[in-house]
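Visitor: Dropping the structure in here first, questions after.
Number of protein chains: 4
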Amino acid sequence: MVRASTQEIAAFVAAEFPQTPVQILEVGPMSARVVHEVGTAELRPGGTVSGPVMMATADVALYVAILAQIGIVPLAVTTSLSFNFMRKPAGDRRIVGECKLLKLGRTLAVGEVTLYSEGLPEPVAHAVGTYAIPPDAQAPRRG
Amino acid sequence: MVRASTQEIAAFVAAEFPQTPVQILEVGPMSARVVHEVGTAELRPGGTVSGPVMMATADVALYVAILAQIGIVPLAVTTSLSFNFMRKPAGDRRIVGECKLLKLGRTLAVGEVTLYSEGLPEPVAHAVGTYAIPPDAQAPRRG
Amino acid sequence: MVRASTQEIAAFVAAEFPQTPVQILEVGPMSARVVHEVGTAELRPGGTVSGPVMMATADVALYVAILAQIGIVPLAVTTSLSFNFMRKPAGDRRIVGECKLLKLGRTLAVGEVTLYSEGLPEPVAHAVGTYAIPPDAQAPRRG
Amino acid sequence: MVRASTQEIAAFVAAEFPQTPVQILEVGPMSARVVHEVGTAELRPGGTVSGPVMMATADVALYVAILAQIGIVPLAVTTSLSFNFMRKPAGDRRIVGECKLLKLGRTLAVGEVTLYSEGLPEPVAHAVGTYAIPPDAQAPRRG
Numbered sequence: 001m002v003r004a005s006t007q008e009i010a011a012f013v014a015a016e017f018p019q020t021p022v023q024i025l026e027v028g029p030m031s032a033r034v035v036h037e038v039g040t041a042e043l044r045p046g047g048t049v050s051g052p053v054m055m056a057t058a059d060v061a062l063y064v065a066i067l068a069q070i071g072i073v074p075l076a077v078t079t080s081l082s083f084n085f086m087r088k089p090a091g092d093r094r095i096v097g098e099c100k101l102l103k104l105g106r107t108l109a110v111g112e113v114t115l116y117s118e119g120l121p122e123p124v125a126h127a128v129g130t131y132a133i134p135p136d137a138q139a140p141r142r143g
Numbered sequence: 144m145v146r147a148s149t150q151e152i153a154a155f156v157a158a159e160f161p162q163t164p165v166q167i168l169e170v171g172p173m174s175a176r177v178v179h180e181v182g183t184a185e186l187r188p189g190g191t192v193s194g195p196v197m198m199a200t201a202d203v204a205l206y207v208a209i210l211a212q213i214g215i216v217p218l219a220v221t222t223s224l225s226f227n228f229m230r231k232p233a234g235d236r237r238i239v240g241e242c243k244l245l246k247l248g249r250t251l252a253v254g255e256v257t258l259y260s261e262g263l264p265e266p267v268a269h270a271v272g273t274y275a276i277p278p279d280a281q282a283p284r285r286g
Numbered sequence: 287m288v289r290a291s292t293q294e295i296a297a298f299v300a301a302e303f304p305q306t307p308v309q310i311l312e313v314g315p316m317s318a319r320v321v322h323e324v325g326t327a328e329l330r331p332g333g334t335v336s337g338p339v340m341m342a343t344a345d346v347a348l349y350v351a352i353l354a355q356i357g358i359v360p361l362a363v364t365t366s367l368s369f370n371f372m373r374k375p376a377g378d379r380r381i382v383g384e385c386k387l388l389k390l391g392r393t394l395a396v397g398e399v400t401l402y403s404e405g406l407p408e409p410v411a412h413a414v415g416t417y418a419i420p421p422d423a424q425a426p427r428r429g
Numbered sequence: 430m431v432r433a434s435t436q437e438i439a440a441f442v443a444a445e446f447p448q449t450p451v452q453i454l455e456v457g458p459m460s461a462r463v464v465h466e467v468g469t470a471e472l473r474p475g476g477t478v479s480g481p482v483m484m485a486t487a488d489v490a491l492y493v494a495i496l497a498q499i500g501i502v503p504l505a506v507t508t509s510l511s512f513n514f515m516r517k518p519a520g521d522r523r524i525v526g527e528c529k530l531l532k533l534g535r536t537l538a539v540g541e542v543t544l545y546s547e548g549l550p551e552p553v554a555h556a557v558g559t560y561a562i563p564p565d566a567q568a569p570r571r572g
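Sequence lines, in order, name chains E, U, B and Y.
As numbered in my numbering, the first sequence has no gaps in its residue numbers, which increase by one up to the final residue, 143.
As numbered in my numbering, the second sequence has no gaps in its residue numbers, which increase by one up to the final residue, 286.
As numbered in my numbering, the third sequence has no gaps in its residue numbers, which increase by one up to the final residue, 429.
As numbered in my numbering, the fourth sequence has no gaps in its residue numbers, which increase by one up to the final residue, 572.
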């Protein structure tokens, strides 16, 4: 039961965050998958992907998973985001973020995001984040 | 490929931590499941389970999952443990912790633990923890 | 400007949490200092203090610092608590928790707690926690 | 007792991370202060500063504080970084990160970073991070 489709959320994100290098791959029940382009600007010395790229990916993945559940609510804000960095990301692969929501309450959402170098099996990082949802902001059910 | 069985780890934990109220339910590849008894001492006003019970459960779940992979290494120590509390636990059910290791390096292990009131589907809390493994402490492979 | 005194909060905590081994040392503006007794039950093999003792100490320190600011609000609940364990605590000293609130919003409080073995200068652990404050629960100003 | 000066670290950072928008303001014993420029690229809709800017600032602040203590060790890597976002940053002010190291061990450093909109008293975010220091990598004492 999803209240906003991948296309609706992608259109919203493209309009609101025109500069974002993160694209939505898919949304599902309490889940989302996004990808961050990796070019010269995203690399660190040693050919690895920078931490801020991980943060942008995790943050958007959480936001998209929440929007898919509650509908387009522009006012939700990140209140915490915690990362464990586990492996050096490949410099020539995009970063994929897979989000799974653990809780979607009326005013607080909690989710985890596992981050991969695209196509490789072992996660490069893991994040847990919380979003505050403005009271009464949940969109009316479509239909 | 597990280097210590549920029974071996249970025997080690019982000998080293005779007072622990946490029991091991099972271990698997990069995973473990444990349970914490809940009695009067574990309750808080309002009939909910205390935060320290969650911490004990998560910490043992991680430790057991690591021991199962690397063998009995008494010197591994927790370096971080982060919790999100999501739902009020039931006061009359044990707390179950399901650990999944995200990384098992030579000197650092990272894992997540989802905590449940036994028999209920929605997690009450989620934890992410790291353990420092002493260099060269990994037990020789059995057999 | 504190809305509940050390004595008022101590009386509330003693009534609500009669079993707690944590005592309040003092409260101040956006701050609190508490202490956890350490006896046989709080020790781990090797003579160190258990992680759950740290959690109980940090949680009460945060709660007390919040109560001091907003007045006696029994319904505030911990939503996250993150620990870094830095040094082995002494087995024969109490654990002191010093809390400093970083934010006290209408519905969310954030604070950090530095944990010490009493009388020793180097912290044994550091925690950051968040509390959800029920809307409209802030006590009327005294006086 | 600092083993690398602000100038030495700034020269190292400029050479290794030529694209970084973070500048070092000062280093001290177990501490550092850095600043992140804020221009159009760092803004989010609504005129606020993006989360990745906070992460870049916190990460560099920690790295610089560690380098100041142990000397120029290019191989130290971030292993965890946790954020609480507390207030909306001003869109027209730089982000300042003030780092205080809580522990500097042989292989692990832990520090906290308080993030401000430059010139404003209330923190916009708070971070806690850990760095793994390669064994035997600590630079020989200067002099």
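By construction, the Cβ of each residue, glycine as well, lies at the ideal position given by its N, Cα and C atoms.
So which residues of chain B does Ser511 (chain Y) contact, with C-beta pairs closer than 8 Å?
Guide: Within the fourth sequence, the letter at position 82 stands for residue 511 (chain Y). Those are Ser368, Val414, listed as they occur along chain B.
Visitor: So with Cβ pairs under 8 Å, would you call Val463 (chain Y) a contact of chain B?
Guide: As a first step, residue 463 (chain Y) is located in the fourth sequence; it is residue number 34 there, counting from the start. Closer than 8 Å: no.
Visitor: Counting only the same chain and skipping the five closest in sequence on each side, list residues whose C-beta sits under 8 Å from that of Ile352 (chain B).
Guide: The sequence position of residue 352 (chain B) within the third sequence is 66, counting from 1. Excluding positions up to five away in sequence, the list reads Val359, Ala362, Leu387, Leu390, Ala395, Gly397, Tyr417, Ile419.
Visitor: So, for Val335 (chain B): in the same chain, excluding its five sequence neighbours on each side, which residues have a beta-carbon less than 7 Å away from its beta-carbon?
Guide: Stepping through the third sequence from its first residue, residue 335 (chain B) is reached at position 49. Val324, Glu328, Leu329, Pro375, Gly377, Ile381, listed in sequence order.
Visitor: To the nearest angstrom, how far is it from the Cα of Asn513 (chain Y) to the Cα of Pro172 (chain U)?
Guide: In the fourth sequence, counting from the first residue as 1, residue 513 (chain Y) sits at position 84. In the second sequence, counting from the first residue as 1, residue 172 (chain U) sits at position 29. Near 33 Å, if we compare the C-alpha coordinates of Pro172 (chain U) and Asn513 (chain Y).
Visitor: Quick one: residues in its chain with C-beta nearer than 6 Å to the C-beta of Gln498 (chain Y), no 5 flanking neighbours on either side, listed in chain order?
Guide: Stepping through the fourth sequence from its first residue, residue 498 (chain Y) is reached at position 69. Answer for Gln498 (chain Y): Leu533, listed in chain order.
Visitor: If you measure from the beta carbon of Glu151 (chain U) to each beta carbon in chain B, is any gap under 8 Å?
Guide: In the second sequence, residue 151 (chain U) corresponds to position 8, counting from 1. Judged by the 8 Å Cβ criterion, Glu151 (chain U) is not in contact with chain B.
Visitor: Look at the Cβ atom of His36 (chain E), then the Cβ atom of Thr6 (chain E), and state whether they are nearer than 8 Å.
Guide: Taking the first residue of the first sequence as position 1, residue 36 (chain E) is located at position 36. Taking the first residue of the first sequence as position 1, residue 6 (chain E) is located at position 6. For His36 (chain E) and Thr6 (chain E), no; Cβs fall outside 8 Å.
Visitor: Find the residues of chain U that neighbour Thr508 (chain Y), judging by a C-beta separation of less than 8 Å, and give them in chain order.
Guide: Taking the fourth sequence and counting its residues from 1, the one referred to as residue 508 (chain Y) is at position 79. The answer, in chain order, is Leu251, Thr273.
Visitor: Any idea if Ala158 (chain U) is buried or exposed, counting beta-carbon neighbours within 10 angstroms, 16 or more meaning buried?
Guide: For the purposes of this step, residue 158 (chain U) is taken as residue 15 along the second sequence, with counting starting at 1. Classification of Ala158 (chain U): exposed, given that the 10 Å Cβ count is below 16.
Visitor: Do you know offhand how far Ser31 (chain E)'s Cα is from Val64 (chain E)'s?
Guide: As a first step, residue 31 (chain E) must be located in the first sequence, where it is residue number 31. As a first step, residue 64 (chain E) must be located in the first sequence, where it is residue number 64. When rounded, the distance between both Cα atoms is 8 Å.
Visitor: Do you know how far the Cα of Tyr545 (chain Y) is from the Cα of Val2 (chain E)?
Guide: Start at 1 with the first residue of the first sequence, and residue 2 (chain E) comes out as number 2. Start at 1 with the first residue of the fourth sequence, and residue 545 (chain Y) comes out as number 116. Their Cα atoms are separated by approximately 38 Å.
Visitor: Identify the continuous alpha helix (DSSP H) that holds Gly540 (chain Y) and give its terminal residues.
Guide: If you number the fourth sequence from 1, residue 540 (chain Y) lands on position 111. From DSSP, Gly540 (chain Y) is part of no alpha helix (DSSP H) but of the beta strand (DSSP E) over 537 to 546.
Visitor: Quick check on Gly526 (chain Y): buried or exposed, where buried means 16 or more other Cβ atoms within 10 Å of its Cβ?
Guide: The count along the fourth sequence starts at 1 and reaches residue 526 (chain Y) at position 97. Gly526 (chain Y) comes out buried.
Visitor: Would you mind reading off the limits of the beta strand (DSSP E) that contains Leu533 (chain Y)?
Guide: For the purposes of this step, residue 533 (chain Y) is taken as the residue at position 104 of the fourth sequence. Taken as a continuous stretch (DSSP letters only), the beta strand (DSSP E) holding Leu533 (chain Y) covers 524 to 533.
Visitor: Return yes when the Cβ of Met484 (chain Y) is within less than 8 Å of the Cβ of Pro52 (chain E), no when it is not.
Guide: Along the first sequence, read from residue 1 onward, the residue named residue 52 (chain E) stands at position 52. Along the fourth sequence, read from residue 1 onward, the residue named residue 484 (chain Y) stands at position 55. Yes; because the gap between Cβ atoms is below 8 Å, this pair is in contact.
Visitor: Measuring straight from C-alpha to C-alpha, what distance separates Thr393 (chain B) and Thr78 (chain E)?
Guide: Within the third sequence, numbered from 1, the residue matching residue 393 (chain B) stands at position 107. Within the first sequence, numbered from 1, the residue matching residue 78 (chain E) stands at position 78. Taking the straight line from one Cα to the other gives about 15 Å.
Visitor: Jot down the residue ranges of each uninterrupted alpha helix (DSSP H) in the region 30 to 86 of chain E, minimum 4 residues, whole runs only, in chain order.
Guide: Listed in chain order, the complete alpha helix (DSSP H) runs (minimum 4 residues) inside the region 30 to 86 of chain E are 51 to 70.
Visitor: Among E:Arg87, E:Thr20, E:Gly71, E:Arg93, which residue has its Cα nearest to the Cα of Asp59 (chain E)?
Guide: Position 59 of the first sequence, counting from 1, holds the residue named residue 59 (chain E). Of the candidates E:Arg87, E:Thr20, E:Gly71, E:Arg93, the one whose C-alpha sits nearest the C-alpha of Asp59 (chain E) is E:Thr20.
Visitor: Name the residues in the region 525 to 536 of chain Y whose C-beta lies less than 9 Å from a C-beta of chain B; which are they?
Guide: Under the 9 Å Cβ criterion, the region 525 to 536 of chain Y contributes Leu531, Lys532, Gly534.
Visitor: Give the interface partners of Pro409 (chain B) over in chain Y, defined as CB-CB distance under 7 Å, in chain order.
Guide: For the purposes of this step, residue 409 (chain B) is taken as residue 123 along the third sequence, with counting starting at 1. Ordered by position in chain Y, the residues that pass the 7 Å Cβ test against Pro409 (chain B) are Leu531.
Visitor: Over what stretch of residues does the beta strand (DSSP E) that includes Gln436 (chain Y) continue unbroken?
Guide: On the fourth sequence, residue 436 (chain Y) is found 7 positions in, with the first residue counted as 1. From DSSP, Gln436 (chain Y) is part of no beta strand (DSSP E) but of the alpha helix (DSSP H) over 435 to 445.
Visitor: In terms of residues, what are the limits of the beta strand (DSSP E) holding Gly91 (chain E)?
Guide: Numbered from its first residue, the first sequence carries residue 91 (chain E) at position 91. That residue, Gly91 (chain E), is in no beta strand (DSSP E); it is neither H nor E in DSSP.
Visitor: Applying the 10 Å Cβ sphere with the 16-neighbour rule, what's the burial state of Gly558 (chain Y)?
Guide: Taking the first residue of the fourth sequence as 1, we reach residue 558 (chain Y) at position 129. Burial call: buried.
Visitor: If we count the other Cβ atoms within 10 Å of its Cβ and call it buried at 16 or more, is Pro135 (chain E) buried or exposed?
Guide: Counted from its first residue, the first sequence places residue 135 (chain E) at position 135. It counts as exposed.
Visitor: Any beta carbon of chain U sitting closer than 8 Å to that of Pro307 (chain B)?
Guide: Locating residue 307 (chain B) in the third sequence gives position 21, where the first residue counts as 1. It does not: the Cβ of Pro307 (chain B) has no partner Cβ on chain U nearer than 8 Å.
Visitor: For chain Y, check one thing: does any of its Cβ atoms lie closer than 8 Å to the Cβ of Ala61 (chain E)?
Guide: Locating residue 61 (chain E) in the first sequence gives position 61, counting from the first residue. Not one chain Y Cβ lies under 8 Å of Ala61 (chain E).
Visitor: Count the other C-beta atoms from every protein chain shown that fall within 10 angstroms of the C-beta of Ala440 (chain Y), then say buried if there are 16 or more, exposed otherwise.
Guide: One-based indexing of the fourth sequence puts residue 440 (chain Y) at position 11. When all chains shown are included, Ala440 (chain Y) counts as exposed.
Visitor: Looking at the strands, I want to know which residues DSSP matches up with Ile167 (chain U).
Guide: Numbered from 1 along the second sequence, position 24 holds the residue referred to as residue 167 (chain U). BP columns for Ile167 (chain U) point to U:Val177.
Visitor: Whose Cβ in chain U lies nearer than 7 Å to the Cβ of Met30 (chain E)?
Guide: The count along the first sequence starts at 1 and reaches residue 30 (chain E) at position 30. None at all; the shortest Cβ gap to chain U is about 11 Å.
Visitor: Taking 8 Å as the CB-CB limit, is Ala440 (chain Y) close to chain E?
Guide: On the fourth sequence, residue 440 (chain Y) is found 11 positions in, with the first residue counted as 1. No, Ala440 (chain Y) lies away from the interface with chain E (no Cβ there is under 8 Å from its Cβ).
Visitor: Is Val288 (chain B) helix, strand or coil by DSSP?
Guide: The sequence position of residue 288 (chain B) within the third sequence is 2, counting from 1. Here Val288 (chain B) sits in coil by DSSP.
Visitor: For a test of your reading of the model: does the CB of Glu169 (chain U) fall under 7 Å from any non-hydrogen atom of the ligand ZN? Yes or no.
Guide: The ligand ZN is not among the ligands present in this structure, which contains no ligands whatsoever.
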